[in-house]
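Engineer:
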Amino acid sequence: MRIVEASATDSDAVLSIERAAFARDDEAALVADLLRDPTAQPSLSLLAFLEDKPVGHVLFTRVVLAGASHPAPAAILAPLAVVPEYQRRGVGRALIEQGASLLAASGVQLLFVLGDPAYYARSGFVPAVPSGLRAPYPIVPEEAWRVRALAADVLGSVSGVVACAESLAKPEYWRE
Ligand SMILES: CC(C)(COP(=O)(O)OP(=O)(O)OC[C@H]1O[C@@H](n2cnc3c(N)ncnc32)[C@H](O)[C@@H]1OP(=O)(O)O)[C@@H](O)C(=O)NCCC(=O)NCCS
Numbered sequence: 385m386r387i388v389e390a391s392a393t394d395s396d397a398v399l400s401i402e403r404a405a406f407a408r409d410d411e412a413a414l415v416a417d418l419l420r421d422p423t424a425q426p427s428l429s430l431l432a433f434l435e436d437k438p439v440g441h442v443l444f445t446r447v448v449l450a451g452a453s454h455p456a457p458a459a460i461l462a463p464l465a466v467v468p469e470y471q472r473r474g475v476g477r478a479l480i481e482q483g484a485s486l487l488a489a490s491g492v493q494l495l496f497v498l499g500d501p502a503y504y505a506r507s508g509f510v511p512a513v514p515s516g517l518r519a520p521y522p523i524v525p526e527e528a529w530r531v532r533a534l535a536a537d538v539l540g541s542v543s544g545v546v547a548c549a550e551s552l553a554k555p556e557y558w559r560e
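Shown next, in the form of structure tokens:
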């Protein structure tokens, strides 16, 4: 498997992976919006290739922890997509790991996600609310709102409410 940072010339591949994985246009439209949204920057867009075909994509965008006692650089993973024919081969997990490692190297300390608790638990995401890290909107079930620490001792040392990019701030994106 090969994972690269997606550039503007990869846009068609990225959007078609999002459409194929979710079987609708909404997530592709969200990705397009986030990539041109200044409030989402810096962002990290990763494309995974298997057998030289683009088969997976993940987008990470900047979030801010409002009300925190000290700054803790943070990002959110949304969305993650693997085309149906290439699912269950570790592409999703590899995209998460590569992203976490690049984000940690750039100084990001907290990585948030809203998604299936069982899936994201496998990649080290724990429930965020017990650590005082709240989502922009109340999430049901609460354990779908998760966080992964990318720096030592950060969990428990900082709390606040996540403020995301404008394009991601619509309530319909915050339902699990
Ligand atoms: C969710 C998704 C990204 C996973 O990608 P993937 O490349 O298949 O994932 P991986 O191969 O890394 O991991 C697969 C493992 O996770 C498990 N898994 C996959 N989806 C799961 C889910 N929703 N809940 C729990 N476990 C899940 C599988 O059982 C598999 O485990 P196994 O191989 O031991 O049986 C992919 O299924 C997808 O694109 N789905 C549609 C879009 C979506 O729902 N995206 C996530 C929300 S943003």
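Our numbering puts the first residue of the sequence shown at 385, with every later residue one more than the last. Yeah, the Cβ is synthetic: ideal placement off N, Cα and C, and Gly gets one too. Quick caveat, the model's predicted, so the values are computed rather than measured.
1) What residue range does the beta strand (DSSP E) around P463 cover?
2) With distance defined between alpha-carbon atoms, name the residue in L461, S507 and P555 nearest to Y521.
3) I'd like the span of the alpha helix (DSSP H) that includes S515, first residue to last.
4) Roughly how many angstroms lie between the CA atoms of T445 and V475, to the nearest whole one?
5) Would you give the residue range spanned by the alpha helix (DSSP H) that E389 belongs to?
6) Let's see if you can read the secondary structure: which residues bound the beta strand (DSSP E) around L431?
7) Does DSSP put L414 in a helix, a strand or coil?
8) Thinking just about the alpha-carbon of each residue, which of L498, V524 and I460 is nearest to the one in P426?
9) Using a threshold of 7 Å, state whether the C-beta atoms of R477 and S507 are closer than that.
10) According to DSSP, is P522 part of a helix, a strand, or is it coil?
11) Are the beta-carbon atoms of V492 and L534 separated by less than 7 Å?
12) Looking only at its chain, what residues have a beta carbon closer than 6 Å to the beta carbon of G440, apart from the 5 residues adjacent to it on each side?
13) Buried or exposed, going by whether 16 or more other CB atoms sit within 10 Å of the CB of P463?
14) Can you tell me whether L464 sits near ligand 1, meaning its C-beta is under 6 Å from at least one heavy atom of the ligand?
15) Bridge partners for H529 per DSSP, in chain order?
16) In whole angstroms, give me the CA-to-CA distance for A488 and L414.
17) What do you get for R389, buried or exposed, if any count of 16 or more other CB atoms within 10 angstroms of its CB means buried?
18) Applying the criterion that 16 or more other CB atoms from any shown protein chain within 10 Å of the CB defines a buried residue, is R472 buried or exposed?
Structural biologist: So, from the listed chains and residues:
1) A458 to V466
2) P555
3) It is not in any alpha helix (DSSP H) - S515 carries neither H nor E in the DSSP assignment.
4) 20 Å
5) Where E389 is concerned, there is no enclosing alpha helix (DSSP H), although the beta strand (DSSP E) it sits in stretches over R386 to E389.
6) L428 to L434
7) helix
8) I460
9) yes
10) coil
11) yes
12) A432, V466, V475 and L479
13) buried
14) yes
15) In the sequence under discussion, the amino acid at residue 529 is Trp, which differs from the His named in the question. L498, per the DSSP bridge assignment.
16) 24 Å
17) Checking the sequence, you will find Glu at residue 389 rather than Arg. With fewer than 16 other Cβ atoms within 10 Å, it is exposed.
18) exposed
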